[in-house]
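Under numbering that gives the first Met the number 0, the letters of the sequence shown match residues 0 to 287, in that order.
Here a beta-carbon is modelled for each residue, glycine too, at the ideal position from N, C-alpha and C.
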Amino acid sequence: MGDIDDFDLDRTIDEGWQQFGVRLGEVLSVMDDGAELTLSTLEGGAAPPRVVFRSPELGTIRAEVLGFGPEDRDGLTAAGWPASQPVATWSQDLSDDLAGVVVRTLRDVFGVTHPVFLSTDDLAGLLEPPAPQEEWSAGVAPVDPTDTVAVLARDKDELDRLVARQLTKMFGHEPVRDSDGDHTIRVGSTMVFVRVAPDAREITVFSALVHDVSGRSRATEVLNDLNAESRWVRFALLRDRVFGSMSVLARPFVPAHLHQAVTELAQVADGIDENLADTLRGRTTFSA
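Below, the structure is given as structure tokens:
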């Protein structure tokens with residue numbers, strides 16, 4: 000776990016929302032007349048809290064919050080919505096301001112941890128601007144989730160591209176990147192990060208399973224027992240968070256090995272995080 004000792008989840012979450020707000024403002028500024036976009040949380044059953052955007056005429060955006068409860072009204076007003084009803088019409092020239100209101104609504108009022116926990120028809124497009132078409136160098140080919148052919152990446156950048164291509168194939172959209180270069184994906188009730196080592200010899204797949212742990216001594220005992228029983232995933236307490244991680248040797252890089260590591264960690268993280276949070280009197284990243 001030493002290679003992720005410097006990982007700052009709070010900073011990663013803040014940066015994720017900042018990038019999302021910028022991208023949302025860009026998308027809203029170019030919505031066509033008659034277009035519609037809905038951002039939904041993953042809670043609330045058939046009618047989750049959501050923000051619906053429509054462009055009734057060229058140059059304007061009508062935004063409305065739906066699926067909220069009476070307990071949310073004060074928070075919606077504080078986020079920037081009219082006190083009477085959370086619906087307003089904005090000029091597309093003010094799309095950045097509208098995006099700021101929406102980010103506060105989703106994050107502060109509805110408690111969405113990170114933009115990857117939103118649902119929309121084009122979440123990938125909102126999470127990250129379209130990447131330019133990459134020119135793949137000799138020997139670097141698109142990978143398949145079951146591909147066992149080894150590829151020897153020349154450096155970290157080349158290995159990063161291989162990892163991004165593999166994760167895109169696995170999840171159907173490009174992963175989000177934070178300022179540290181970690182690839183971020185949502186799996187069940189948690190986020191999984193994939194980090195390429197600077198020397199391109201290792202890929203670390205990790206996840207913050209429990210936050211705000213109460214009692215480090217008790218947590219250490221529990222994690223020691225888990226590590227004795229776990230075949231591949233390693234558990235560690237970093238500050239007040241429990242992390243699970245797996246290491247993948249990457250010289251050479253075998254796509255199937257990354258696929259197996261991500262799948263294994265995701266299954267373990269999504270399978271034990273709620274029970275582990277109860278045991279350690281903490282909380283999961285995302286509560287359904």
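Straight-line CA distance for residue i to residue j?
{"i": "R153", "j": "D2", "result": "21 angstroms"}
{"i": "V221", "j": "T112", "result": "26 angstroms"}
{"i": "A62", "j": "F109", "result": "16 angstroms"}
{"i": "I12", "j": "D146", "result": "32 angstroms"}
{"i": "F170", "j": "A163", "result": "11 angstroms"}
{"i": "V115", "j": "I184", "result": "7 angstroms"}
{"i": "L166", "j": "S83", "result": "44 angstroms"}
{"i": "A77", "j": "Q17", "result": "19 angstroms"}
{"i": "G74", "j": "M30", "result": "27 angstroms"}
{"i": "R288", "j": "F52", "result": "A question about residue 288 goes unanswered here, because the residues of the chain that appear run from 0 up to 287."}
{"i": "E228", "j": "R10", "result": "32 angstroms"}
{"i": "D179", "j": "N223", "result": "29 angstroms"}
{"i": "L161", "j": "G281", "result": "36 angstroms"}
Mapping the DSSP letters down to three states, classify residue i as helix, strand or coil.
{"i": "G15", "result": "helix"}
{"i": "S178", "result": "coil"}
{"i": "T183", "result": "strand"}
{"i": "T167", "result": "helix"}
{"i": "R296", "result": "Residue 296 cannot be examined here, being either before or after the span of the chain that is shown, 0 to 287."}
{"i": "A207", "result": "strand"}
{"i": "E56", "result": "coil"}
{"i": "E173", "result": "coil"}
{"i": "V108", "result": "helix"}
{"i": "T189", "result": "strand"}
{"i": "F6", "result": "coil"}
{"i": "T147", "result": "coil"}
{"i": "V50", "result": "strand"}
{"i": "R160", "result": "helix"}
{"i": "R250", "result": "coil"}
{"i": "A82", "result": "coil"}
{"i": "A62", "result": "strand"}
{"i": "R238", "result": "coil"}
{"i": "G243", "result": "strand"}
{"i": "K232", "result": "Checking the displayed sequence, the identity of residue 232 turns out to be Val instead of Lys. Reduced to three states, the DSSP call for V232 is coil."}
{"i": "A276", "result": "helix"}
Around the Cβ of residue i, are there at least 16 other Cβ atoms within 10 angstroms (buried) or fewer (exposed)?
{"i": "L248", "result": "exposed"}
{"i": "D277", "result": "exposed"}
{"i": "P69", "result": "exposed"}
{"i": "A34", "result": "exposed"}
{"i": "P141", "result": "Any reading at P141 is ruled out, since the residue's pLDDT is 47, under 50, leaving its predicted position unreliable."}
{"i": "T88", "result": "exposed"}
{"i": "V191", "result": "buried"}
{"i": "V100", "result": "buried"}
{"i": "R238", "result": "exposed"}
{"i": "G24", "result": "buried"}
{"i": "V195", "result": "buried"}
{"i": "L49", "result": "First, the residue type needs correcting, since residue 49 is Arg and not Leu in the sequence shown. By the 10 Å Cβ count, R49 comes out buried."}
{"i": "E56", "result": "exposed"}
{"i": "T283", "result": "buried"}
{"i": "V86", "result": "exposed"}
{"i": "D159", "result": "buried"}
{"i": "A137", "result": "Note on A137: pLDDT 31, under 50, position unreliable in the model; the coordinate value appears next. Burial call: exposed."}
{"i": "S54", "result": "buried"}
{"i": "G15", "result": "buried"}
Assuming residue i and residue j make a contact with CB atoms under 8 angstroms, what is their CB distance in whole Å?
{"i": "V232", "j": "G243", "result": "5 angstroms"}
{"i": "T40", "j": "L93", "result": "The Cβ separation is near 24 angstroms, so there is no contact."}
{"i": "D272", "j": "V212", "result": "Not a contact, Cβ separation roughly 12 angstroms."}
{"i": "G20", "j": "A46", "result": "About 25 angstroms separates the two Cβ atoms, so there is no contact after all."}
{"i": "A149", "j": "F252", "result": "7 angstroms"}
Any 3 or more C-beta pairs closer than 8 angstroms across the segment 245 to 262 and the segment 202 to 216: Look at the beta carbons and you see the segment 245 to 262 touching the segment 202 to 216: at least three pairs across the two are nearer than 8 angstroms.
The segment 167 to 184 / the segment 207 to 221 touching (three or more Cβ pairs under 8 angstroms): Not touching, per the Cβ criterion.
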